[in-house]
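J.: Heads up: the sequence shown begins at 70 in the numbering used here, then just goes up one per residue. My questions all concern the structure below.
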Amino acid sequence: MVQTVAQTHHARLFIDGAFVESSAGKRFVNINPATEEELGWVEEATKEDVDRAVQAARRALQGPWGRLSIPERIRLVRRIGDLILERREEFARLETLDTGKPYWAAYEHEIPRAAYNFHFFADYLHSVGTEAYQLDAGQLHYAIRRPVGVVGLITPWNLPMVLLTWKMAPALAMGNTVVVKPAELSPLSATLLAEVIQEAGIPDGVVNVVHGFGPNSAGAFLVEHPGVNAISFTGETTTGKTIMANASRNLKRLSFELGGKNPNIIFADADLDEAIDMTLRSSFHNQGEVCLCGSRIYVERPVYEEFLDRFVKRTKELVVGDPFDPKTFVGPLISREHLERVMGYVEIARNEGRILIGGKQPEGLTRGYYLEPTIVVDMPDTCRVMKEEVFGPVVTVSPFDTEEEVIARANDTEYGLSATVWTTNLKRAHRVAHQLEVGMVWINTWFLRDLRTPFGGMKQSGIGREGGMHSVEFYSELTNITVKL
Ligand code: NAD
Ligand code: 6OD
């Protein structure tokens, strides 16, 4: 019997409906960040492998997939969601082994959300119509929607299944075919998803998975391939810039969900219990490796000291350690390289501000890329730790005096992904939200999602929006037809 990736931890390529090895015999090792042990091999796609995947995807557009009726396609898309739920435990375990994220977070939230992405977009398609206009009885203009074609999906390692399926579900629902390039640090769940794709009866070539790195590897080969019509990318802003330059040669449609340096603004009239509960999550959930984390915390001066005392006390209670332990809130960071990068910011914070708590590896954890949740104060707004995305369990807390001042400081960044505002003053909540230069504002909550809403960032945090109709727009091509009656 064929062994699944959940048993072997061997991430093979999935091209034209078959699991294969790199055509050049290239492979690299995947490391478990919690133990620093080798998990297994990852096959690295060559330029020829990526080309085969793109060609298979193009053929599939013309094959049975392209001829399915919308209800038949929707049924298959829903089936993928069902099968993800059936294999929820396997997916969650692979996600934790790959990334170090707490297993409970993967099992309780991320894998069900990945399944929901398929269920949601399958259902959503039922309500998608097209436009029709009539200036007078002698003419009729109407638009039809078609797939864009072959879409490249390039994803990061922090929420691998959530972010991959957030793109794949609407892409398939709209009738496209895809070539997926998961992050090199988290290849396992995408490989298991390919097994699910087979099991769901999705025709060969509709979904292909190519593993590898970015530059001079699978990521770049996919972006530069003339047979790819669109790229949906989530990752770092600098990577987005490279992808945009490389994709320009054959003018691809692009969607970018990029980095963030999100402000979390707490006014003195806020419900502090709720604000502190949620700030623990918006600071340290997934080790702070979430693009939406509110890493710049601004607290109105009358409650600054109280907030800080209580926030530090609660942070000390967070359990750091084995991601499979249900009590763990903070697991290891994704890799040694990333830990060193985050520690670089901690050193800057030590020199330019004051570390109240954290800033070191937890005692007793001698293996694994762990870092204690870290709270920094007394930082100048100009410091790199306040300006750049750290993407780890490190937050700064600063006092502010006026609404005008905090809005200006919150906006003083090249990023514009999201913001959180805590206040019981309804008018102020809206007033502030309207002035923040971000794609998404949460008022008295964080990361509360409705998949119909526009998701994405402004400034250097992204181009375009995904979610509901915005995803439909990106993953479809319109043709307008005019009839003289
Ligand atoms: P990354 O940009 O290093 O890599 C993301 C993906 O791009 C990987 O699959 C990588 O192999 C690939 N890649 C790298 N260089 C490439 C190139 N030249 N051509 C083609 N592909 C290339 O990002 P990461 O470190 O994996 O993820 C962390 C970043 O992602 C953070 O900046 C975070 O804010 C961002 N992110 C943003 C969102 C959002 O919705 N805005 C969501 C999650 C993560
Ligand atoms: O919830 C989503 O749809 C989404 N794209 C979340 C992104 C989180 C970033 O790390």
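Think of the CB as a built atom: it goes at the ideal place given N, C-alpha and C, for glycine as much as any other residue. As the structure is a prediction and not an experimental result, all values here were calculated from the model.
Say yes only if the C-beta of residue 164 is nearer than 6 Å to one or more non-hydrogen atoms of the ligand PLP, and no if none qualify.
T.: For the structure depicted, the ligand PLP is absent and the ligand set comprises only the ligand NAD and the ligand 6OD.
J.: Any idea what DSSP makes of residue 465, helix, strand or coil?
T.: strand
J.: Measure from the alpha carbon of residue 348 to the alpha carbon of each residue in 113, 463, 523, 473, then state which is nearest.
T.: Selected option, being the one with the closest Cα: 463.
J.: Work out the CA separation of residue 117 and residue 92 for me, nearest whole Å.
T.: It is roughly 8 Å from the alpha-carbon of residue 92 to the alpha-carbon of residue 117.
J.: Could you check how far apart the C-beta atoms of residue 296 and residue 124 are, in whole angstroms? I think they sit under 8 Å.
T.: At roughly 7 Å, the Cβ-Cβ gap stays under 8 Å, so residue 296 and residue 124 are in contact.
J.: Run through DSSP, which three-state label would residue 122 get?
T.: helix
J.: Please give the ranges of any beta strand (DSSP E) in the segment 231 to 295, keeping only runs that are unbroken, at least 3 residues long and fully inside the region.
T.: 246 to 250, 276 to 278
J.: Does residue 495 pass the burial test, meaning 16 or more other C-beta atoms within 10 Å, or should it be called exposed?
T.: exposed
J.: Relative to the C-alpha of residue 96, which residue among 86, 79, 346 is closest?
T.: 79
J.: Output the distance between the C-alpha atoms of residue 440 and residue 167, rounded to the nearest integer angstrom.
T.: Approximately 17 Å between the Cα atoms of the pair.
J.: On the CB-based measure, 16 or more other CB atoms within 10 Å of its CB, does residue 139 come out buried or exposed?
T.: exposed
J.: Would you kindly work out how many angstroms separate the C-alpha atoms of residue 478 and residue 81, rounded to a whole number?
T.: Taking the straight line joining both Cα atoms gives about 47 Å.
J.: Cβ of residue 538 within 7 Å of Cβ of residue 508?
T.: no
J.: Under 6 Å from any heavy atom of the ligand NAD, does the C-beta of residue 271 make it?
T.: Flag unset: Cβ of residue 271 not near the ligand NAD.
J.: In terms of alpha-carbon separation, which member of 224, 266, 312, 322 lies closest to residue 256?
T.: 224
J.: Taking Cβ to Cβ, would you say residue 279 is nearer than 7 Å to residue 87?
T.: no
J.: Looking at the secondary structure, which residues open and close the beta strand (DSSP E) in which residue 425 lies?
T.: 423 to 426
J.: Does the distance between the C-beta of residue 143 and the nearest non-hydrogen atom of the ligand NAD fall short of 6 Å?
T.: no
J.: Is it the case that the CB of residue 289 approaches a heavy atom of the ligand NAD more closely than 6 Å?
T.: Indeed, a heavy atom of the ligand NAD lies less than 6 Å from the Cβ.
J.: Kindly indicate which residue of 383, 437, 397, 423 has the alpha-carbon position closest to the one of residue 409.
T.: Looking at the Cα atoms, 437 is the closest of the given residues.
J.: Sorted by chain position, which residues of the same chain lie with C-beta nearer than 6 Å to residue 531's C-beta, five sequence neighbours on each side aside?
T.: 325, 326, 327, 525
J.: For residue 222, report the span of its beta strand (DSSP E) as first-last.
T.: 219 to 223
J.: For residue 133, which three-state DSSP category applies?
T.: Reduced to three states, the DSSP call for residue 133 is helix.
J.: State the start and end residues of the unbroken beta strand (DSSP E) segment that holds residue 543.
T.: For residue 543, there is no enclosing beta strand (DSSP E); the enclosing alpha helix (DSSP H) covers residues 537 to 543.
J.: Per DSSP, what kind of secondary structure is residue 173 in: helix, strand or coil?
T.: helix
J.: Note the first and the last residue of the continuous alpha helix (DSSP H) segment covering residue 439.
T.: Note, residue 439: premise wrong, no alpha helix (DSSP H); not H, not E.
J.: Would you say residue 363 touches the ligand NAD, meaning its beta carbon is less than 6 Å from a heavy atom?
T.: no
J.: Please go through the same chain and pick out, in chain order, the residues whose beta-carbon is closer than 6 Å to the beta-carbon of residue 423, but skip the five residues on each side of it.
T.: 446, 447
J.: Cα separation between residue 430 and residue 317?
T.: 43 Å
J.: Checking the sheet assignment: what are the DSSP bridge partners for residue 527?
T.: 485
J.: How many Å lie between residue 375 and residue 369 at the Cα?
T.: 11 Å
J.: Could you spell out where the alpha helix (DSSP H) holding residue 455 opens and where it closes?
T.: 453 to 456
J.: Taking its Cβ as the centre, do 16 or more other Cβ atoms sit within 10 Å of residue 351, making it buried, or is it exposed?
T.: With 16 or more other Cβ atoms inside 10 Å of its own Cβ, residue 351 counts as buried.
J.: What does residue 509 pair with, by DSSP beta-bridge criteria?
T.: 487
J.: Determine the direct distance from the alpha carbon of residue 144 to that of residue 75, and round the result to whole angstroms.
T.: 26 Å
J.: Alpha carbon to alpha carbon, what distance is there between residue 420 and residue 135?
T.: Cα to Cα, residue 135 sits roughly 59 Å from residue 420.
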